[in-house]
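Asks: Chains as they are written, first to last, in this note's numbering: chain A, 2 to 534; chain B, 5 to 547; chain C, 1094 to 1448. Backbone N, C-alpha and C fix where the C-beta goes; we use that ideal spot for every residue, glycine too. A quick note: this is a predicted structure, and the numbers were derived from the prediction, not measured.
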Amino acid sequence: MPKADHSAAAGESPTFAIDLKLDDTQLASCIACGLCLPHCPTYRVTNEEYASPRGRLALMSAVNQSASASQSFVEHMEMCVLCLGCETACPAGVPFGQLMEQTREALVDIKRQGQRRKGRAGRKGKGRRRKEPAGRKRQGRRRGAGQAGRWQQWSFRLLAHPRLLRLSFVLLGVAQRLGIVRLAQRIGIASHVKLPKIPLWQRSLRRAKSAHAGDRGAGHGQVVQGDTREQTVQGQEARGEAASKESETASEEMALTAETVWLFTGCVMDAMMRHVHLAAQTAVEAVGGQVVLPGAGASCCGALHRHAGLRSQAEKLAFRTMSAMPGSAPILVDSAGCGAALKDYGSLLATQEAEAFSARVQDIHEWLATKLADGQAGNLGGNGQGGAGRAGSQEAARQGGAGRGKTEKNSTKVAVLDPCHLRHAQKTHQSVRQVLQTSQTLLPHIELVELDDEGLCCGAGGAYSLTHPETAAAIGQRKQEAILRSGAQVVVAANPGCLLHLQEDLQSHKIRICHPIELLSQKVAGRTYAGRT
Amino acid sequence: MGSDPKKLDLLLSDLRSILEADRVRTDYLERALYSKDASLYSGEDPTAVCFPETTQELADVVRICSEHNWPFVARGSGTGLAGGAAPLSQPSVPNADSGQKAATDTPIADTTTSYNSPVPVVITTTKMNQILSVDGPNRIAWVQPGVLNLDLTRHVSHLGLHYAPDPSSQQVCSIGGNVATNSGGPHCLAYGVTSAHVIALKVVLPDGSIATLGNESPEPTGYDLRGAFVGSEGTLGIAAEIAVRLTPNPPAIKTLLAVFDSVSDGAATVSGIIAAGLVPSALEMMDNAAIGIVEAFTQAGLPTDAAAVLLVELDGLPEGLAQDEQLIRQVAASHSVREIRTAADAQERELFWKARKSAFGAVSRLAPDYYLHDTVVPRTRLVEVLDAVYEIANRHGLKVCNVFHAGDGNLHPLLSFDSRQDGVLARVALAADEIVRASLAAGGVLSGEHGIGMEKRDYMGLMFTAADLAAQDKLRSCFDQKSLANPFKVIPSGSGCGDVSALSSGGKTTSGSGEVPALNSEDATPLSPTVAINKPVPEGAWI
Amino acid sequence: MKQPNQDLLNFAAEIGAEDEIVVRGGKTQWEVGGLPSSSAREVKAPAGVRSFEPEDMVVRCGAGTTLEELAQVLGESGQMVPLERLSEAQSDSKPTSAQPTIGGTLAVGHSGYRRLRYGPIRDLLLETTFVDSEGQLIRSGGPTVKNVSGYDLCRLMVGSLGTLGCLGEVVLRCHPIPKRSQWFATNANPFALLGLLWQPSSILWNGRQTWVLLEGHPEDISSQAEANGLEDCAPPHNQATQPHQQRPTSYPQKLTASWQRFSLNPAILPSLTDHFKAESFVAEVGVGVVHLPSDLRMPRELLPIDDARSLTLQRKIKSRFDPRGRLNPGRKVWDENNLAATASSAAAPASAAVN
């Protein structure tokens, strides 16, 4: 295995001590076969071993053994998008995501120690401040990424404060419109960041005015159906079955046929793309469901924190989110990244409650596909054949996948872009196709087309497109080429990150990108929402 | 590592005058990743890792290495299984733990031989990944060496064409690496190995000059240097541009899965199919152990109680396919087949193939390490050699499963183990050694598609005489006078360090006039100064 | 390790290490590459099929074995080695009794006219034992279809005209004899046909007419012929051991060894009619081999350009493998004049250019 041979070349970066505390057996399960390489977005654009899952595992293994690392190690660990495409491809079942998250946690610890030390050293004058590695002048971008820690942590904190978050987005939106952002980028500030135009005004979720009024963690939810009915579900404290029964009773009172579901609203999604939530609400109602909105506690799932190695913050947010959506009602998520995080609370917190909570979480398409397969097509139509979902999601979707045989000359080609957190983490990406397929009567002019890149990440990766803008753009370029090859006029992606990341580039090709649920709900309601196109 | 820091600085600064700093990497952790491929064989950490993007950059990097007398190793996707791309500065890897062991393996006379060569620079072709041109009607594509095998097929699929050699790693292995090891794959049974699909090559010779070997015409002038270059494992130079033949997609495909209650029935069916005048496009076999592992991973519906399954693929025109299928069913029935399934559709076919191609990865769910062997025996000796493989593995207390190209007689015994257990590596090495000998004894060859690399270098003397090897070394020295390209690979001995004349004359004196000495396997060591050909690879060579 | 048999040892001893020697086969292509020096001593390689296991689909035989003998032995088990040539095997000036040998055919390196389907002759040679310039027996390759055990010296030997070593014994890959072989004639565009037909064995074109050889299942042949408007031009052979030896009966020219053979990029074949009258040439479509009568010249610009750096390698190889130039002196494997830099107006005939 890699030996810590320091003898070799000039330009070696200095090393520092670190204990990754990784499980040796998990690391050893990598057999270095390399089958993960083509499924790794950063390897695909760099073609460098240390930007591949196999390389990263070898690096982790080396550092785990030697308990020392160099700055390059930090860069290579931070460069991972955590799309988990490698886990899907891995025949040996290496738990890459877990190992990477643990590694990042160790790196955050080191960084904190370093910052404390640096602070002290700075006051004392010189001393232990890390010397800038030689021979790396051309790598400002990477260095920048490595030092983003403090800024990143601070901005992540913002995510849990919806009003502050919304305010900062509005300010940014104003700055955009005044040309300040362009000016800033021109003089080199965040010059690689591609920022979509931020809406200054968003329609509220219908009658959801008290949604954020609840105490932190208390989870005062609100049932909303249509534009007419409104009923607050009371007493939904996270107190196990009693509470959940209560909630069910409340729902039954409300509408005998309706199924009450929570709609997780989240942070960026709610601040920038609330029209998707509106669309989701419409779709749920169309099949006879009722949407309950959680309180402010559910304003951030903590996924970004966890990916960045900020475990304790992620845990705190998980607790908050859980208590904001008590009971036993299904929790629907229309953002793949958040969905994956919520589904993973069980392993994050390792409590029974967390596991029970995670078991309730479903991607909205997953839930809709089940409804449609059960013949509850409601206003969503359905193809009259009982739906494709029955035969098991994988099989049915593969058959229905590209919508062959339904091609019409004037149909709109819609490419389904699989968010990594739907495809590789939740593995429920086929349900998007099932929903769109089953709703053929509703969407007769749509022809689903598949991208030929085997679900390779688009480079959005949560905050990745901000921390690694160049790499993210290169990865996005590959995705864009795949989209162009498919001939699609519309791309649907069930994750806000992917939407925001690709929007600008696709617009320049006159390709519309939206959330799949938007396609559906527009038809249901016979109207369009104030979403950007 | 006898590298003088001053010389090293000069080398690096010259390399950086060609490639920007980002593409000449020297960080110790980064270099370490390029010390090995997908096999258990680990080389040394390279001096530097270079990433050229064009033929000219590649030539410049090689020229600079040559000017500095610095060895270099070409590397593609790093999926090799014989240590072919692992950098070596001496015949075996120096390792603190096994240093003593290595020393005792060294014949006394050779302790004076100092391998004072520096650790090679690794030249990675992964950034040379452009498909340069595709001529659909004439079915030729020029590609850079870093193009991934399956990417090429995807790129030309809209023309109804594909690139036929399909190693199990085809989604990740590069065409350049395929050329280096003359890769095979299941469909080589009917379509031939890589060499049959390489039309011409533009290569960078070890002195940095660029030569074109062969051209698009069928019978180019002169000796077939293209043919000699394919399979030379990076020791004759580095392929910079490769003209490959594209193969039309078959009009129809039939994939059959035959289930047997004994391995010998399966093997007899293989022979029976061939003897009946049929050459299926693929003829693959899995034994019981492999079926169990694969089924757990893929859920392809394989019967886990079967002794063997045979995957037979036929392609061509529909009428003939139907007849051929009947014929195969008859042959299999006459060898007590339990059941034959025909893939109902493309999905099922894909599932069958997924089962076959994921076997090597899935086996790691049994134990963290595996050793994947690769030998070829005449088809008629399959059962006998398989029995020997089981016996050998049992005797050494190792788990073995077999997933292999039965149609070609290409065996891939897969030994799985946990290298952290005491002494297990020694047992694996012994078992591997015995499997090679059993295959050769049955009239087989050392490697079918993985290459010689580090793994089998010291077994070459079991297959070839000193004179045979001297002839091969003559060819090498024509291309690489200074022995800079991938030293200490393929041919055993000091042939890699300018020892050519000694080797050649050695060959001459031992063979005399027309008399060829029969080197028996007990003393087949004339060419190796440091590693006894007969002995298992010293443990230092294993991670 | 396989022990060389007595025949091989005798062959090596006969060649020795001293004087100039020239290996002879059936002398059916004796002029290819130029006549050998008359002072050289003639030797003959061992003949006879050594071993053949139909289930292994490989055959081991002496290089002096005639193609006819080989075909007969293999044919009994329904197999073949596709080595036949398009032109008449013997030249006009030679006695018709001369039989081409395997060694000679490999040394000349011209593929059979079914190359389109079966691949070039070099892919048929799996293992060889040859005698080098020191009189030593050298073995390369192995008796299996898949083999990467060291450098592939077999490839170097094919087409080398015996200038690197003298072939003693070879192991060849066999193919099953197809159930049916049928020649067809058509006026269709041969280049379009190439894309339409599944694995045709040969497509010949003389600028006006096209001949197609299809092999395989009778039903598939008929359906392909029907779909593409091909007409039988000779009765199908069901039982013959060597159905491929039959040539199209309507074939306009009788190709003899005096015809020149050129190797062109197959992509430029359509432009042949710009340079030659229809029916004055025969081209192997999809392959690139073009046959011209001896009185026609091939324009220089149609010939592939040789690479100068590769030529210096060729020379180095020759000088290392045969430093005293005693093996088949006089034979030229490459044409010094064919380099782009030294291109002259004189068109060299294929017999010199290619061999």
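Could you tell me whether any Cβ in chain C is nearer than 7 Å to the Cβ of Leu507 of chain B?
Replies: Legend: pLDDT at Leu507 of chain B = 35, less than 50; position of this residue unreliable, value from coordinates given subsequently. So no, Leu507 of chain B is outside the interface.
Asks: Determine which residues share a DSSP beta bridge with Pro252 of chain B and list them.
Replies: The partner list for Pro252 of chain B (beta bridge, DSSP) reads B:Leu165.
Asks: Counting only the same chain and skipping the five closest in sequence on each side, list residues whose C-beta sits under 6 Å from that of Val66 of chain B.
Replies: Once the five neighbours on either side are set aside, the close Cβ partners of Val66 of chain B are Val208 and Gly212.
Asks: Measure the C-alpha to C-alpha separation of Gly457 of chain B and Leu92 of chain B and round it to an integer number of angstroms.
Replies: The straight-line gap from Cα to Cα measures roughly 11 Å.
Asks: Please determine if the segment 426–433 of chain A and the segment 360–367 of chain A are in contact, where contact requires at least 3 C-beta pairs separated by less than 8 Å.
Replies: Taking 8 Å as the limit for Cβ pairs, the verdict is that the segment 360–367 of chain A does touch the segment 426–433 of chain A.
Asks: For a minimum of 4 consecutive residues, which ranges assigned as the alpha helix (DSSP H) are wholly contained in the segment 278–302 of chain B?
Replies: Complete alpha helix (DSSP H) runs here, min 4: 292–302.
Asks: Counting only Cβ pairs nearer than 7 Å, list the residues of chain C close to Lys478 of chain B.
Replies: Within chain C, the residues near Lys478 of chain B are Arg1413 and Phe1414.
Asks: Take Cys458 of chain A and list the residues in its own chain whose beta-carbon comes closer than 7 Å to its own, dropping the five residues that flank it on each side.
Replies: Only Pro42, Val82, Cys84, Gly86, Cys421 and Ile476 meet the Cβ criterion.
Asks: Sort A:Arg275, A:Gly488, A:Ala355 and A:Pro517 by Cα distance to Lys511 of chain A and report the nearest one.
Replies: Closest option to Lys511 of chain A, Cα to Cα, is A:Gly488.
Asks: For Ser420 of chain B, name the three-state secondary structure that DSSP assigns.
Replies: Strand, per DSSP.
Asks: Of all the options C:Pro1175, C:Gly1126, C:Glu1177 and C:Gly1196, which has the alpha carbon lying nearest to the alpha carbon of Cys1154 of chain C?
Replies: Comparing Cα-Cα distances from Cys1154 of chain C to each of C:Pro1175, C:Gly1126, C:Glu1177 and C:Gly1196, the minimum goes to C:Gly1196.
Asks: Considering only the beta carbon of each residue, do Leu321 of chain B and Pro255 of chain B sit closer than 7 Å?
Replies: It is a contact, given that the beta carbons lie within the stated cut-off.
Asks: Who are the near neighbours of Val407 of chain B in its chain, counting only those whose CB is closer than 8 Å to its CB and skipping five residues on each side?
Replies: For Val407 of chain B, where only same-chain residues beyond five positions count, the Cβ hits under 8 Å are Glu288, Met289, Met290, Asp291, Ala294, Val298, Arg360, Ala363, Phe364, His416 and Leu418.
Asks: From which residue to which residue does the beta strand (DSSP E) around Gln1275 of chain C run?
Replies: Segment Arg1273 to Thr1279, the beta strand (DSSP E) holding Gln1275 of chain C.
Asks: Would you mind working out which of B:Thr259, B:His162, B:Phe356 and B:Gly276 sits nearest Ala304 of chain B, comparing C-alpha positions?
Replies: Of the listed residues, the one whose Cα sits closest to Ala304 of chain B is B:Phe356.
Asks: Quick check: what's the CA-CA separation for Ala271 of chain B versus Leu386 of chain B?
Replies: Using only the alpha carbons, I get a separation of about 7 Å.
Asks: Within a Cβ cutoff of 8 Å, which residues of the same chain sit near Thr1159 of chain C, ignoring the five residues on either side of it in sequence?
Replies: So the list reads Gly1119, Ala1140, Gln1192, Pro1193, Thr1194 and Ile1195, once near-sequence residues are dropped.
Asks: What's the gap between the Cα of Gln1302 of chain C and the Cα of Val1426 of chain C?
Replies: Going by the C-alpha atoms only, they are around 33 Å apart.
Asks: Just to check my reading of the structure: Cys544 of chain A and Ala42 of chain B have Cβ atoms closer than 8 Å, yes? What is that Cβ distance to the nearest angstrom?
Replies: Because chain A spans 2 through 534 in this model, residue 544 of chain A falls outside it and cannot be assessed.
Asks: List the residues that DSSP assigns as beta-bridge partners of His1268 of chain C.
Replies: For His1268 of chain C, which the question treats as bridged, DSSP gives the partners C:Met1173.
Asks: I'd like to know whether the C-beta of Ser30 of chain A is nearer than 7 Å to at least one C-beta of chain B.
Replies: Closer than 7 Å to some Cβ of chain B, the Cβ of Ser30 of chain A qualifies, so yes.
Asks: For Cys1 of chain A, which residues of its own chain have a beta-carbon under 6 Å away from its beta-carbon, when the five flanking residues on both sides are left out?
Replies: Residue 1 of chain A falls outside the range modelled here, since chain A spans only 2 to 534, and no answer is possible.
Asks: Relative to the C-alpha of Gly1235 of chain C, which residue among C:Glu1262, C:Ser1316, C:Gln1353 and C:Gln1172 is closest?
Replies: When only C-alpha atoms are compared, the closest one is C:Glu1262.
Asks: Taking a Cβ distance cut-off of 7 Å, strictly less, list which residues of the segment 422–454 of chain B are near chain C, in chain order.
Replies: Taking 7 Å as the Cβ-Cβ cut-off against chain C, the residues of the segment 422–454 of chain B that qualify are Gly447, Gly448, Val449, Leu450, Ser451, Gly452 and Glu453.
Asks: Quick one: Cα of Lys428 of chain A to Cα of Pro497 of chain A, how far?
Replies: Distance between the alpha carbons of Lys428 of chain A and Pro497 of chain A is about 18 Å.
Asks: Consult DSSP for Lys556 of chain A and reduce its assignment to one of helix, strand or coil.
Replies: There is no way to answer for residue 556 of chain A, as the model of chain A reaches only from 2 to 534.
Asks: Below 6 Å CB to CB, which residues in the same chain sit around Leu163 of chain B once its five sequence neighbours on both sides are set aside?
Replies: Gly140.
Asks: For the segment 422–454 of chain A, enumerate the residues whose C-beta is nearer than 8 Å to any C-beta of chain B, in chain order.
Replies: If the cut-off is 8 Å between Cβ atoms, the segment 422–454 of chain A has Asp453 near chain B.
Asks: Is DSSP giving Gly270 of chain B helix, strand or coil here?
Replies: If DSSP states are grouped into helix, strand and coil, Gly270 of chain B belongs with the helices.
Asks: Which value, in whole angstroms, describes the spacing of the CA atoms of Gln148 of chain B and Val404 of chain B?
Replies: Those two C-alpha atoms are separated by around 38 Å.
Asks: From what residue to what residue does the beta strand (DSSP E) around Thr261 of chain A run?
Replies: Start and end: Glu260 to Phe265.
Asks: Could you check if Lys22 of chain A is buried or exposed, using at least 16 other CB atoms within 10 Å of its CB as the buried criterion?
Replies: Exposed.
Asks: Counting Cβ pairs closer than 8 Å, one from the segment 1290–1298 of chain C and one from the segment 1196–1209 of chain C, do we hit at least three?
Replies: Because the criterion of three Cβ pairs below 8 Å is met, the segment 1290–1298 of chain C and the segment 1196–1209 of chain C touch.
Asks: Taking only beta-carbon atoms, is Ser550 of chain B less than 7 Å away from chain A?
Replies: One cannot answer for residue 550 of chain B here, as it falls past the ends of chain B, which runs 5 to 547.
Asks: Can you look up Lys428 of chain A in the DSSP assignment and give me helix, strand or coil?
Replies: Lys428 of chain A falls in the coil class under three-state DSSP.
Asks: Quick check on the DSSP output: the beta strand (DSSP E) that includes Leu15 of chain B runs from which residue to which?
Replies: Looking at the DSSP string, Leu15 of chain B is not in any beta strand (DSSP E); the run it does join, the alpha helix (DSSP H), is Pro9 to Ile22.
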